[in-house]
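Chemist:
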Amino acid sequence: MEKTALRSNVLSVLEEKMRLIDTEDGAIHLVGPVRLPVNLYGQTLSFEWYCWLNDEGGTSGYHEMIEKLSTADLAELQQSSVLVYGDFADADDALIRMHSICHTGDIFGSKRCDCGYQLKQSMNRIAEHGAGALFYLAGHEGRGIGLFTKALAYLLQENGFDTVEANEQLGFVDDSRNYSDAVHVLKALRAKPVTLMTNNPKKIEALEAAGLEVTKRQPLWGDVSEYNEHYLQTKIQRSGHLEEKDGIQAVEETKTS
Ligand SMILES: [Zn+2]
Numbered sequence: 001m002e003k004t005a006l007r008s009n010v011l012s013v014l015e016e017k018m019r020l021i022d023t024e025d026g027a028i029h030l031v032g033p034v035r036l037p038v039n040l041y042g043q044t045l046s047f048e049w050y051c052w053l054n055d056e057g058g059t060s061g062y063h064e065m066i067e068k069l070s071t072a073d074l075a076e077l078q079q080s081s082v083l084v085y086g087d088f089a090d091a092d093d094a095l096i097r098m099h100s101i102c103h104t105g106d107i108f109g110s111k112r113c114d115c116g117y118q119l120k121q122s123m124n125r126i127a128e129h130g131a132g133a134l135f136y137l138a139g140h141e142g143r144g145i146g147l148f149t150k151a152l153a154y155l156l157q158e159n160g161f162d163t164v165e166a167n168e169q170l171g172f173v174d175d176s177r178n179y180s181d182a183v184h185v186l187k188a189l190r191a192k193p194v195t196l197m198t199n200n201p202k203k204i205e206a207l208e209a210a211g212l213e214v215t216k217r218q219p220l221w222g223d224v225s226e227y228n229e230h231y232l233q234t235k236i237q238r239s240g241h242l243e244e245k246d247g248i249q250a251v252e253e254t255k256t257s
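In my numbering, the protein residues as written are 1 to 257.
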């Protein structure tokens with residue numbers, strides 16, 4: 001197929017909405033904001049949506065990158081994105097959720113985990129807080145083991161293994177999630193510290209190791225049912241998740257507990 005050169009009017013429309021973020025091993029192309037009205041619990045909220053693409057090993061300009069899109073088979077690549085709310089860059093305090101993709105929980109509403117609930121609840125809290133961002137991380141299915149393996153792990157769980165053991169039995173480390181790209185994007189959108197919604201102190205450590213300043217933490221529990229009770233207990237007993245339900249804590253307190 002003959003390549004059609006991009007027309008300059010197309011490029012000029014996209015140019016102001018594209019940014020190149022340098023990373024250790026290449027660059028990230030960030031596109032946005034795109035206006036995204038979202039239906040949440042019957043109410044329409046106006047988020048701004050950004051999507052990014054890791055251009056590992058390359059730092060091509062945006063228009064070379066766009067030229068390559070039609071042949072790059074992007075549907076096969078996992079792409080992450082972020083929903084931003086309010087004056088994210090400048091608000092004194094911004095609520096952040098780093099949400100790992102969960103095909104079964106987020107899309108189907110599975111009650112085997114609490115992901116679907118956490119996704120909706122964190123969007124709701126961000127809107128109520130007035131400023132924040134929900135990062136939706138595509139490479140994180142099943143704590144990084146992928147969707148197919150997650151199906152296998154679920155079968156093991158039905159036969160008595162807990163979440164951590166099931167992953168290990170299949171040859172995976174329990175948690176192989178990487179936050180490096182998300183932190184690069186967050187820093188490009190906001191320089192000030194953030195409050196992180198999580199029950200997981202290891203996630204705070206991973207984010208700080210990736211260079212993010214997290215000063216406060218807000219727990220995010222809920223939607224407990226007979227189907228996910230064991231899963232939630234495993235998070236607390238095996239993975240070190242903190243059980244308390246309410247309030248915002250300084251991160252330093254989390255570390256000493
Ligand atoms: Zn889930």
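Cβ coordinates follow ideal geometry from the N, Cα and C atoms, glycine included.
1. Measuring alpha carbon to alpha carbon, tell me which residue in 192, 208, 125, 112 is nearest residue 158.
2. Here's the rule: buried if 16 or more other CB atoms are within 10 angstroms of the residue's CB, otherwise exposed. What is residue 14?
3. Would the segment 39-52 count as touching the segment 114-133 if we require 3 or more Cβ pairs under 8 Å?
4. By the DSSP assignment, the beta strand (DSSP E) with residue 242 in it spans what residues?
5. Within the structure, which residues are defined as neighbours of ligand 1 by a Cβ-heavy atom distance below 5 Å, reported in chain order?
6. Relative to the C-alpha of residue 225, which candidate in 110, 65, 64, 21 has its C-alpha closest?
7. What residue range does the beta strand (DSSP E) around residue 155 cover?
8. Considering just the uninterrupted stretch of the alpha helix (DSSP H) at residue 180, what are its terminal residues?
9. So the beta strand (DSSP E) residue 99 belongs to, where does it begin and stop?
10. Is residue 113 near ligand 2, with its Cβ less than 7 Å from a heavy atom?
11. For residue 181, which residues from the same chain have a beta carbon less than 8 Å from its beta carbon, with the 5 sequence-adjacent residues on both sides left out?
12. Taking 6 Å as the limit between beta carbons, can you name the residues of its chain near residue 11, skipping five residues before and five after?
13. Would you report the Cα separation of residue 2 and residue 18, rounded to the nearest angstrom?
14. Under three-state DSSP, which class holds residue 39?
15. Given this structure, state the Cα-to-Cα distance separating residue 187 from residue 212, to the nearest angstrom.
16. Can the beta-carbon of residue 249 be found closer than 8 Å to that of residue 202?
17. Taking residue 106 as the reference, give the member of 94, 97, 119 with the closest Cα.
18. Give the range of the alpha helix (DSSP H) segment to which residue 14 is assigned.
19. Could you tell me which of 162, 209, 169 sits nearest to residue 239, measuring between CA atoms?
Modeler: This is what the structure holds:
1. Per the Cα distances, 112.
2. When all chains shown are included, residue 14 counts as exposed.
3. Segments in contact, yes.
4. Membership of residue 242 in any beta strand (DSSP E) is not indicated, and neither H nor E is assigned to it by DSSP.
5. The set of residues with CB atoms less than 5 Å from any heavy atom of ligand 1 reads, in chain order, 102, 105, 113, 115.
6. The residue among 110, 65, 64, 21 with its C-alpha nearest the C-alpha of residue 225 is 110.
7. Here residue 155 belongs to no beta strand (DSSP E); instead the alpha helix (DSSP H) covers 147-158.
8. Residue 180 -> alpha helix (DSSP H) spans 180-189.
9. From DSSP, the beta strand (DSSP E) with residue 99 extends over 95-100.
10. Ligand 2 is not among the ligands present in this structure, which contains only ligand 1.
11. The beta carbon of residue 181 sits closer than 8 Å to those of 23, 28, 52, 54, 80, all from its chain and outside the five residues before and after it, given in chain order.
12. Within the same chain, residue 11 has close Cβ partners 63.
13. Low confidence applies here, because residue 2 scores a pLDDT of 45, under 50, leaving its location unreliable and the question unanswered by this model.
14. Strand at residue 39.
15. Between residue 187 and residue 212, the C-alpha separation is close to 8 Å.
16. No.
17. If you compare the alpha carbons of 94, 97, 119 with that of residue 106, the shortest gap goes to 119.
18. Looking at the DSSP string, the run of the alpha helix (DSSP H) that includes residue 14 is 8-15.
19. Nearest to residue 239 by alpha-carbon distance, out of 162, 209, 169, is 162.
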